[in-house]
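Sequence positions in the sequence shown follow my numbering and run 17 to 193.
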Amino acid sequence: MAKRNFQINEQQDLELRQAFEQTRDGPTRTRYQAVRLYGMGYRVGEIEAITGCTRSSLMNWVRKYQQMGVAGLVDHRQGGNRAKLTREQIQQVSQWLREYTPRDLFGAQTQTSSGQYWTVEDLARAVVKWFGVEWHSRTSYYTLFQQCGFTSQRTEKVFKSRREHQVADFEAQLEKN
Numbered sequence: 017m018a019k020r021n022f023q024i025n026e027q028q029d030l031e032l033r034q035a036f037e038q039t040r041d042g043p044t045r046t047r048y049q050a051v052r053l054y055g056m057g058y059r060v061g062e063i064e065a066i067t068g069c070t071r072s073s074l075m076n077w078v079r080k081y082q083q084m085g086v087a088g089l090v091d092h093r094q095g096g097n098r099a100k101l102t103r104e105q106i107q108q109v110s111q112w113l114r115e116y117t118p119r120d121l122f123g124a125q126t127q128t129s130s131g132q133y134w135t136v137e138d139l140a141r142a143v144v145k146w147f148g149v150e151w152h153s154r155t156s157y158y159t160l161f162q163q164c165g166f167t168s169q170r171t172e173k174v175f176k177s178r179r180e181h182q183v184a185d186f187e188a189q190l191e192k193n
């Protein structure tokens, strides 16, 4: 087993303890506590049980603490996708989804052959067009649909490349025979 090279001195212990007590941000407090316990010689398994972190997270935090000190442990996450649209913008999207169809906005370049029904892909294009906002997760668009009062439906079982006039000609030919 490898010997632990990281240990904290009394000054670092005091610094981490004070930072822990002064902040109210839960994830940041967990980081302070985990690094402090690791530096005091606690076993990784014990630290995982106490803080709920993983070994890889703990090692990343220790590395950041060594490089940047207490400031490197502050949680800088933005809070996810909900912050990308305001409540008023979500209400505006809801109104526009009811007023317009994908065909109204994008012409024939919609995800369904009729262009009458909203899909995640069409919603994503519309939100970019309206607000310049794009999410990486489909779940965010499902959530936006839900916030707008829309429910999921099964998709049409028609190919986009289907040519209606050729289908009509084919069906007419079948009736003649």
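Just so it is clear, CB atoms sit at the ideal spot from N, CA and C, and this is done for glycine as well.
Between the alpha carbons of Y81 and G165 lies a distance of about 46 Å. Less than 8 Å divides the Cβ of R71 from the Cβ of V60. Of the candidates W77, Y158, G55, R93, the residue whose Cα lies closest to the Cα of I24 is G55.
Nearest to Q105 by alpha-carbon distance, out of I66, E64, A142, is A142. With fewer than 16 neighbouring CB atoms inside 10 Å of its own CB, Q189 falls in the exposed class.
Here DSSP, grouped into helix, strand and coil, assigns L89 to helix. Annotated three-state conformation of E150 is coil, per DSSP. Pairing T167 with V144, the inter-Cα distance amounts to about 21 Å. Using a Cβ distance threshold of 8 Å, R52 and R40 do not count as a contacting pair. In the DSSP assignment, L113 falls within the alpha helix (DSSP H) that extends over 103 to 115. Under a 10 Å Cβ-count criterion, Q125 is classified as exposed, with fewer than 16 other Cβ atoms of the shown protein chains found around its own Cβ.
Taking the C-beta atoms as reference points, L113 is found nearer than 8 Å to W134.
Sorting V149, D91, S153 by C-alpha distance to the C-alpha of P43 places D91 at the top. For the pair T155 and F147, the Cα-to-Cα distance works out to about 18 Å. Between V86 and A35 the beta-carbon gap is near 5 Å, inside 8 Å, which marks them as a contact. Going by C-alpha positions, M75 is about 21 Å away from E26.
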